[in-house]
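This report refers to the structure that appears directly beneath it.
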Amino acid sequence: MISVVIPVYNEEQSLAILHGELDAVFSRLGEDVEFLFVDDGSRDGSWRAVSELAQKDSRVRGIRFRRNFGKASALTAGFQAATGDRVFTLDADLQDDPAEIPRFLERIDSGLDVVSGWKRTRHDPWHKVYPSRVFNALVSNLTGCVLHDHNCGFKAYRNEVLREVGIYGELHRFVPALAFAKGFRVGEIEVNHRRREHGKSKYGFTRFLKGFLDLLTVVFLTRFRQRPLHVIGASGMILSTLGTLGMLYMAYVWLINHWATDPHPIGSRPFLFYSMALMLVGAQLFSLGFLAELVTSYGIRAQDTYSIAEKIRPEGVTNQSRDGVGSPSQPQA
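Counting the sequence shown from 1 gives a position; the working numbering is that position plus 220.
If you want it as structure tokens, here you go:
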């Protein structure tokens, strides 16, 4: 089974065309498939179009949000509803070409867990293309997951990737990076990017600012999720050390002035207050790091610390009981 998850937001004109293209592709492939359209609070007739498609094609399923919650929420709802062992995501605006799906399947079948599309030739305005290239290079360098186009919504996953990698906020574009941090095999293929024929883009300049902030979140989650003290406490130690050195210097100046014939008081010197502020902020960050460690130790699950690729279970050893305790296996009658 293959699941195709399609977030929809005001794409009424393109849904029937997209469904026709998907149907043509999977008719040639002969694969069992389900089409999951997730209406993210559209204000046009998108949900009506999905309902009409579902009446004509039993493979079409729909999910409708009460309001617009964002693409990450739409994808998450689609992932939770997907029953396929391989899951595709693509946008509903017809810029992603469903004819590329067989090439994605080839890469998945070759052993990759995540395959991301790469729009080498993009039919978007320059003010979106060039900032996106800078952003992609930044993501690759900071996460270690080297892809040319992290923003591309045309991706294919093995279902176990989506079960282990949770997304929220606007982290949907970072699923390959989060999967890579878990040890999954990530690759990419060049895809055909088509011009937009219907509707308009849902993203503006603020997308890049939000994307950068989300990138910082991903870096923190992938590197320091299990050891927050290493980043918060380390920052606190650096600031406290600088503040302590500053206070020692001011103490030295005070001693020199104490024995001087023409002393200059240090109480009004800005450097004294800067040093005190560094010490206080550093101590607070260090304490915050310890609190974060306590929260992590109570809240983290064992499954969050590793990712299992395969298991070998010798027959007749144990069966896993419903409460998680191993019980002796019973001989078969």
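Don't be surprised by glycine CBs; every beta carbon is placed ideally from N, CA and C.
Between F394 and L435, the CB-CB gap stays under 9 Å. Between F289 and D260, the beta carbon gap of about 6 Å places them in contact (Cβ cut-off 8 Å). Q446 and A312 have their C-alpha atoms roughly 37 Å apart. Residue pairing for P227: DSSP places it in a beta bridge opposite V258. In this structure S488 is exposed. Its beta-carbon is surrounded by fewer than 16 other beta-carbon atoms within 10 angstroms. When DSSP states are grouped into helix, strand and coil, D329 belongs to the helix group.
Taking 9 Å as the cut-off, the beta carbon of N356 is found closer than this to the beta carbon of D369. Beta-bridge partners of E408 (DSSP): S336. Between G463 and M496, the CB-CB gap stays under 9 Å. For the segment 363-389, the continuous alpha helix (DSSP H) assignments of 4+ residues that do not extend past its boundaries occur at 379-384, in sequence order.
For D316, the secondary structure class from DSSP, reduced to helix, strand or coil, is strand. Contact between the segment 237-254 and the segment 329-344 is not established, with fewer than three Cβ pairs separated by less than 8 Å.
With a cutoff of 9 Å on beta-carbon distance, F308 and I387 are scored as not near each other. Here DSSP, grouped into helix, strand and coil, assigns I222 to strand.
Sequence-distant Cβ neighbours of F374 in its own chain, meaning closer than 6 Å and more than five residues away, are L310, D316, G337 and V411. Around the beta carbon of G282, a 10 Å sphere encloses 16 or more other beta carbons of the protein chains shown; the residue is thus reported as buried.
The continuous alpha helix (DSSP H) containing T296 extends over residues K291 to A301. Just measuring C-alpha positions, the residue of V349, G364 and F404 sitting nearest R378 is F404.
For the alpha helix (DSSP H) assignment, the uninterrupted runs of no fewer than 4 residues enclosed by the segment 490-522 are, from N- to C-terminal side, 490-519. In the DSSP annotation of this structure, the continuous segment of the beta strand (DSSP E) that includes F308 starts and ends at R306 to T309. Looking at the DSSP output, G282 shares a beta bridge with F257. Here A401 has T442 as same chain residues with Cβ atoms under 6 Å from its own Cβ, once five neighbours each way along the sequence are excluded. One thing to note: M457 has its Cβ within 9 Å of the Cβ of F506. Listed as beta-bridge partners of H478 by DSSP are no residues whatsoever. The Cβ neighbour count for A397, taken over all protein chains shown within 10 Å, is at least 16; the residue is labelled buried. Measuring C-alpha to C-alpha distances from T363 to each of V438, K430, A292 and R353 identifies V438 as the nearest. In this chain, the alpha helix (DSSP H) harbouring S234 covers E232 to L249. With a cutoff of 9 Å on beta-carbon distance, A529 and H392 are scored as not near each other. Residue pairing by DSSP places H392 opposite no residue, since no beta bridge is assigned to it. Scanning its chain for C-beta atoms nearer than 8 Å, with the 5 sequence neighbours on each side dropped, one finds around A319 the residues E241, V245 and N412, in chain order. Just measuring C-alpha positions, the residue of K430, R268 and L295 sitting nearest R383 is L295. Cβ neighbours of S455 within its own chain (closer than 7 Å, five residues either side excluded): L505.
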